[in-house]
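Residue numbers (our numbering), protein chains in the order written: chain P, 2 to 282; chain X, 2 to 282.
The beta carbon of each residue, even a glycine, is placed where N, CA and C say it ideally should be.
Please read the structure below before turning to the comments.
There are 2 protein chains.
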Amino acid sequence: MATGRTHRPATRSRGIPEATVARLPLYLRALTALSERSVPTVSSEELATAAGVNSAKLRKDFSYLGSYGTRGVGYDVEYLVYQISRELGLTQDWPVVIVGIGNLGAALSNYGGFASRGFRVAALIDADPAMAGKPVAGMPVQHMDDLERIITDNGVSIGVITTPAGAAQQVCERLVAAGVTSILNFAPTVLSVPEGVDVRKVDLSIELQILAFHEQRKAGEGAAAAEAALPPAARESAVDGTSTASGTSSGAANTASDTAANTASDERKGPDGEVPAVMPA
Amino acid sequence: MATGRTHRPATRSRGIPEATVARLPLYLRALTALSERSVPTVSSEELATAAGVNSAKLRKDFSYLGSYGTRGVGYDVEYLVYQISRELGLTQDWPVVIVGIGNLGAALSNYGGFASRGFRVAALIDADPAMAGKPVAGMPVQHMDDLERIITDNGVSIGVITTPAGAAQQVCERLVAAGVTSILNFAPTVLSVPEGVDVRKVDLSIELQILAFHEQRKAGEGAAAAEAALPPAARESAVDGTSTASGTSSGAANTASDTAANTASDERKGPDGEVPAVMPA
DNA sequence: GGTTGTGAATAAATTCACAGCA
DNA sequence: TGCTGTGAATTTATTCACAACC
Numbered sequence: 002m003a004t005g006r007t008h009r010p011a012t013r014s015r016g017i018p019e020a021t022v023a024r025l026p027l028y029l030r031a032l033t034a035l036s037e038r039s040v041p042t043v044s045s046e047e048l049a050t051a052a053g054v055n056s057a058k059l060r061k062d063f064s065y066l067g068s069y070g071t072r073g074v075g076y077d078v079e080y081l082v083y084q085i086s087r088e089l090g091l092t093q094d095w096p097v098v099i100v101g102i103g104n105l106g107a108a109l110s111n112y113g114g115f116a117s118r119g120f121r122v123a124a125l126i127d128a129d130p131a132m133a134g135k136p137v138a139g140m141p142v143q144h145m146d147d148l149e150r151i152i153t154d155n156g157v158s159i160g161v162i163t164t165p166a167g168a169a170q171q172v173c174e175r176l177v178a179a180g181v182t183s184i185l186n187f188a189p190t191v192l193s194v195p196e197g198v199d200v201r202k203v204d205l206s207i208e209l210q211i212l213a214f215h216e217q218r219k220a221g222e223g224a225a226a227a228e229a230a231l232p233p234a235a236r237e238s239a240v241d242g243t244s245t246a247s248g249t250s251s252g253a254a255n256t257a258s259d260t261a262a263n264t265a266s267d268e269r270k271g272p273d274g275e276v277p278a279v280m281p282a
Numbered sequence: 002m003a004t005g006r007t008h009r010p011a012t013r014s015r016g017i018p019e020a021t022v023a024r025l026p027l028y029l030r031a032l033t034a035l036s037e038r039s040v041p042t043v044s045s046e047e048l049a050t051a052a053g054v055n056s057a058k059l060r061k062d063f064s065y066l067g068s069y070g071t072r073g074v075g076y077d078v079e080y081l082v083y084q085i086s087r088e089l090g091l092t093q094d095w096p097v098v099i100v101g102i103g104n105l106g107a108a109l110s111n112y113g114g115f116a117s118r119g120f121r122v123a124a125l126i127d128a129d130p131a132m133a134g135k136p137v138a139g140m141p142v143q144h145m146d147d148l149e150r151i152i153t154d155n156g157v158s159i160g161v162i163t164t165p166a167g168a169a170q171q172v173c174e175r176l177v178a179a180g181v182t183s184i185l186n187f188a189p190t191v192l193s194v195p196e197g198v199d200v201r202k203v204d205l206s207i208e209l210q211i212l213a214f215h216e217q218r219k220a221g222e223g224a225a226a227a228e229a230a231l232p233p234a235a236r237e238s239a240v241d242g243t244s245t246a247s248g249t250s251s252g253a254a255n256t257a258s259d260t261a262a263n264t265a266s267d268e269r270k271g272p273d274g275e276v277p278a279v280m281p282a
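Below, the structure is given as structure tokens:
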């Protein structure tokens, strides 16, 4: 091609890889910070560092959006903020409901970042009648009975579930039946939804378990010795050559969870080396 | 089964793909539920359904752990619970500290799932002197000044950061310097850490933005109450599957060619209030 | 000079499909 | 017969490296 002078995804139809989509918010955040500091342009290298990825990946990601940079110069910060916002659908308003106003639901309701960018908490819903009317984050909690009406009246298409696990699937079904097509699930359970509905989950204990897995191997060789030992022989030094200073930084909930975590040479272990590496079984 | 010495994966010691590791907690949760119902064995198909993945993936994942199933029968639930727990390092105790006891930090402190499986909240830490001594989740909040001592005394290697974004990097550095090698970051910022330290992040607004992206391309515009939204030249594109959701196989490469007319030339700064993203207030 | 954008190469993850065993 | 375990095929993601352009 090499045509277009216009900034426009020439032949680039919308086929943005999921991994790229998951990183766009990261770039957007970094760009917003630059914008607030009135930085006019930024190179892929600088922006990548700020977002915690490498520059090749960033450029490739941006290439799916179109040609928004200028060779030899970099990217115009404001323009890119706008383009990414638009791509993510943040130029429109997304009313959201939070169902389950317990500790977590209340905390999220108060979370500033919520409303920061295109999202607006349209309603807080809880099944407990005693909660009804109570103000949380300056907003009266509404009862579950009104869920359908609330969804409809506000044109809500995104729901956040912060109920106990046992109630999540049922709440999910009601949300979907009422018209919600995207769900962010904080309840530790797998939701099953009809096709066309997106679910993303945020799960504290899963994240901790993943960390524990890696942590376990930093604690020196010898895990799993109780039962079958087998010549370690491992130890193939991974390549890694991440020249970029900062180490890992890992990925989002699902989709792309990179966690570089190459166990390169870790005989170092933390200062506190007490935890028994080998469990008694 | 496999009497005698359980033959280990042999050449398969350390090489569990990251994607597999990220799913092990999911399998474990499903297995635990089965265990509680005293179900003795389960097939890959059943377990996969319960965990929200497909059976081929599940079997492949398990193959990295070893041969723990029985052909023609399935997997022994209890045995698999144990093997996965061990693999994830959950047979040992992981003391964890939570830094930043605002709304979110307090909510997490109270979160039951925390202690459920190998993890134990060793301390709650906050920078606000007014918080010191106050009980949260039945535990007195301690002051940031004591962070290093707390980490050391308790042999903490996993830290959870729930501070405002602005404080996160500094807290992170102190945690790492004190010996923490795994961090779960809830603050909306990229943490940079030395090699050997794992960071996983949980970020509400990123998740919402990803959902918004997909939402935007479902059914054109959808129920947005829309204000003076600029026409995003909606193009179709198959929704792709994401995370846990079951459906999502509809690939359908977007055909079309034409060029999306992004007529966006309006004012970019929509009606957004530009609220600074801060954590719980 | 400097930096983007992108084909080509590589790596990682997923899915297929079936041999092999209980 | 039924279901696991896994090589092979496929798809998706990342990285390389350099031509194109400012």
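Under 7 Å from the C-beta of residue i: neighbouring residues of chain X
i	result
V22/P	I211 and F214
I99/P	Ordered by position in chain X, no residue passes the 7 Å Cβ test against I99/P, which lies about 11 Å from the chain.
Cross-chain neighbours of residue i in chain X, by beta carbon under 8 Å
i	result
L185/P	L205, E208, L209 and L212
Supposed contact pair residue j and residue i - C-beta distance, whole angstroms, cut 8 Å
i	j	result
T21/P	D77/P	Between D77/P and T21/P the Cβ distance is about 20 Å, and since that is not below 8 Å, they are no contact.
G114/X	S206/P	5 Å
A123/X	M145/X	Actually they are not in contact, since the Cβ atoms of A123/X and M145/X sit about 15 Å apart, beyond 8 Å.
A213/X	L91/P	6 Å
L25/X	L81/X	That pair is no contact at about 11 Å.
I126/X	L148/X	6 Å
A107/P	N104/X	7 Å
E216/P	I159/X	6 Å
V98/X	V157/X	5 Å
F187/X	V203/X	5 Å
Cutoff 8 Å: residue i Cβ touching any chain P Cβ
i	result
G90/X	yes
D189/X	Residue identity differs from the one stated: residue 189/X is Pro in this sequence, not Asp. Yes, P189/X lies at the interface with chain P (some Cβ there is under 8 Å from its Cβ).
S64/X	no
P18/X	no
Minimum Cβ-Cβ distance from residue i to chain X less than 8 Å
i	result
S56/P	no
G70/P	no
G53/P	yes
A226/P	Low local confidence applies: a pLDDT of 36 at A226/P is under 50, so the model's placement there is unreliable, with the coordinate-based value given in what follows. Cβ-Cβ to chain X under 8 Å: no for A226/P.
Per DSSP, the bridge partner or partners of residue i
i	result
A124/P	V98/P
H144/P	D127/P
T42/P	D77/P
A137/X	Here the sequence assigns Val to residue 137/X, which means Ala is not the residue at that position. Its beta-bridge partners are M140/X.
G70/X	Y76/X
V161/X	I99/X and L185/X
D199/P	S183/P
key: Residues in the segment 104-138 of chain P having any Cβ partner in chain X nearer than 8 Å   = Result list: N104, L105, A107, A108, L109, N111, Y112, G113, G114, F115, A116, S117, R118, G119 and F120.
ask   = the segment 26-51 of chain P: which residues have C-beta closer than 8 Å to a C-beta of chain X, in chain order?
value = Only P26, L27, L29, R30, A31 and A51 from the segment 26-51 of chain P bring a Cβ to less than 8 Å from some Cβ of chain X.
inquiry  = Output needed in chain order: residues of the segment 134-167 of chain P with a Cβ under 7 Å from some Cβ in chain X.
reply    = Under the 7 Å Cβ criterion, the segment 134-167 of chain P contributes G156, S158 and I159.
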